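Position 124 of the sequence shown, counted from 1, bears residue number 124 in full-length UniProt numbering, the numbering being contiguous throughout. The C-beta atom is built at its ideal place from N, Cα and C for all residues, glycine as well. Note that this is a predicted model, so its numbers are computed, not measured.
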Amino acid sequence: MTGRQLTVRLADSHDREAKAAAGEALYRYNVERTGLDDRIPIGAGLSDPETGQILGGLWGRTELGLLFMDMFYLPEELRGQAFGSRLLAAVEAEARRRGCKRAVVETSSFQAPGFYERHGYEEFGRVAFGTGGHARIFLRKELE
């Protein structure tokens, strides 16, 4: 590709195909460099036993010996009843079974940093939002 004229094109959220192709290329690059080909989706949902409807849950992936949590949601009316703790414990247990040594999560200051801290997570980074006085918080936990 050296010497070729290439075009930079901004992508939007609808350009899933381009994002998927770039993501797969990056993953293959990482596998070549680390020798680890261990990315597996992980998740636990909370469902209504009568309807089967998923009400919330925790989703992410295990990769490179780490648990990455991408999305964790519970409706307001289900918070404070240990459902979140049960979901987190289930996902952490499965990550340990897969050989993960650490967990990593990012949350916003108005979301759930206290929840994670109560479960043994410690902050290792913080980036202030551009507006609004809030911040993105990065937390980790040893799973061993």
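If you draw a straight line from the Cα of residue 127 to the Cα of residue 138, it comes to about 9 angstroms. Taking C-beta atoms under 8 angstroms as the contact rule, residue 54 and residue 45 qualify, at a distance of about 5 angstroms. When DSSP states are grouped into helix, strand and coil, residue 121 belongs to the coil group. When DSSP assignments are scanned along the UniProt domain "N-acetyltransferase" (6-144), the uninterrupted stretches of beta strand (DSSP E) that are 3 or more residues long and fall wholly within it turn out to be 40-47, 54-63, 66-73, 102-108, 122-128, 135-142.
By the neighbour-count criterion, in which 16 or more other beta carbons inside 10 Å mark a residue as buried, residue 75 falls on the exposed side. A Cβ-Cβ contact shorter than 7 angstroms links residue 102 with residue 140.
Inclusion of residue 72 and residue 58 in the CB contact set at 7 angstroms is warranted, their separation being smaller than that value. Listed in chain order, the non-local C-beta contacts of residue 91 below 8 angstroms within the same chain comprise 42, 43, 44, 58, 60, 67, 69, local neighbours out to five positions each way being set aside. Residue burial is scored here from C-beta neighbours: residue 87 has at least 16 other C-beta atoms within 10 angstroms and is therefore classed as buried. The criterion of a C-beta distance shorter than 7 angstroms is not satisfied by residue 33 and residue 62.
Within a 10 Å sphere around the beta-carbon of residue 112 sit 16 or more other beta-carbons, which makes this residue buried. Residue 143 sits away from residue 79, with the two beta carbons spaced by 7 angstroms or more.
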